[in-house]
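Residue numbers (this note's numbering), protein chains in the order written: chain A, 37 to 147; chain B, 20 to 132. Ideal Cβ placement from N, Cα and C applies to all residues, glycine included.
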Amino acid sequence: GENVEQHPSTLSVQEGDSAVIKCTYSDSASNYFPWYKQELGKRPQLIIDIRSNVGEKKDQRIAVTLNKTAKHFSLHITETQPEDSAVYFCAGQTGANNLFFGTGTRLTVIP
Amino acid sequence: EAQVTQNPRYLITVTGKKLTVTCSQNMNHEYMSWYRQDPGLGLRQIYYSMNVEVTDKGDVPEGYKVSRKEKRNFPLILESPSPNQTSLYFCASSLTGMNTEAFFGQGTRLTVV
């Protein structure tokens, strides 16, 4: 099955700086890559996703890039704010198969 | 309000005492699944269901059972819980199993002593 690796496991940035989280996947047939944000004590929630026919997608301060050749995708958060502090999970999916999650990145935005 | 509801939120039990965690969704989603979340391991899928009466194993199914008798409900059953099943459990649903957003329940923190 798919294997998704995520780095770094923890990330601290100053408020206003950018944060980048990277994931790699193993199955070249994977075609859907969502990102979930989990605030402390809360449930994971989808913040952005990208499909394999697209190289980049933006939504205000967040963007995701996908490099199919290298089998990696990244989450970019610009102008970080304290409310961006959370655990972020990447995931990969191949067709109708299951979502495989990365191990998570704990992002801390320092005011 | 569209939501996935799990119960209970917190549960402490003893080894070997059967328990059920309920999950219900009101979005008419076909696909439902159970995950466990452990520190450093992310979210790992236990079981999933593509539709009523259709269930299959995920990555870590040992020690768990599920059923899908109705579209809205997908209970997780631990027939004989053991301490290594102490974890945070999430139920999730999505419209289909393919390339669609997964909506998670609030989570159930289970402790087996």
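Where residue i meets chain B, residues with beta-carbon distance less than 7 Å
i             : result
residue 79/A  : 109, 123, 124, 125 and 126
residue 134/A : 64, 67 and 77
Proximity to residue i [Cα-Cα], best of the options
i             : options                       : result
residue 93/B  : 128/B, 38/B, 74/B and 58/B    : 74/B
residue 55/A  : 131/A, 117/A, 134/A and 127/A : 117/A
residue 23/B  : 77/B, 124/B and 128/B         : 124/B
residue 37/B  : 113/B, 88/B and 104/B         : 104/B
residue 47/A  : 136/A, 127/A, 111/A and 66/A  : 111/A
residue 102/A : 113/A, 96/A, 90/A and 83/A    : 90/A
residue 168/A : 60/A, 52/A, 77/A and 51/A     : Outside the shown range of chain A, which is 37 to 147, sits residue 168/A, and nothing can be said about it.
residue 21/B  : 129/B, 113/B, 102/B and 117/B : 113/B
For residue j and residue i, believed in contact at Cβ under 8 Å, the rounded distance
i             : j             : result
residue 132/B : residue 33/B  : 6 Å
residue 38/A  : residue 62/A  : 6 Å
residue 90/B  : residue 47/B  : 7 Å
residue 59/B  : residue 125/A : Going by Cβ atoms, the distance from residue 59/B to residue 125/A rounds to 13 Å, so no, they are not a contact pair.
residue 84/A  : residue 95/A  : 5 Å
residue 111/B : residue 69/B  : With 8 Å as the limit, residue 111/B and residue 69/B do not qualify as a contact, their Cβ atoms being about 13 Å apart.
residue 81/A  : residue 73/A  : 6 Å
residue 141/A : residue 44/A  : 6 Å
Close beta carbons around residue i, own chain, < 7 Å, minus the five adjacent residues each side
i             : result
residue 104/A : 88
residue 84/B  : 96 and 98
residue 145/A : 49, 51, 116, 117, 118, 120 and 121
residue 106/B : 55, 56, 57 and 129
residue 115/B : 49 and 50
Neighbourhood of residue i by C-beta, 8 Å cutoff - its chain only, sequence neighbours within 5 removed
i             : result
residue 79/B  : 55, 63, 64 and 65
residue 131/A : 65 and 67
Interface residues of chain A facing residue i [CB-CB closer than 7 Å]
i            : result
residue 70/B : Near residue 70/B there are no residues of chain A at all, since even the closest Cβ is about 12 Å away, more than 7 Å.
Other residues of its chain near residue i: CB distance less than 6 Å, five sequence neighbours each side excluded
i             : result
residue 139/A : 42
residue 99/A  : 112
residue 26/B  : 41
residue 128/A : 38, 40, 61, 66, 69 and 136
residue 29/B  : 128
Under 8 Å from the C-beta of residue i: neighbouring residues of chain B
i            : result
residue 87/A : 118
Contacts that residue i makes with chain B (C-beta to C-beta distance below 9 Å)
i             : result
residue 125/A : 61 and 62
Chain C within 8 Å of residue i, Cβ atoms only
i             : result
residue 137/A : The question asks about chain C, but that chain is absent: this structure's protein chains are A and B.
* **Runs of beta strand (DSSP E) lying entirely within the region 50-79 of chain B, each at least 3 residues, in chain order** => The qualifying runs are 50-57, 61-70 and 73-76.
* For the region 78-118 of chain A, which segments carrying the alpha helix (DSSP H) assignment without a break, of at least 4 residues, lie completely within its bounds, in sequence order? -> Within the region 78-118 of chain A, no complete alpha helix (DSSP H) run reaches 4 residues.
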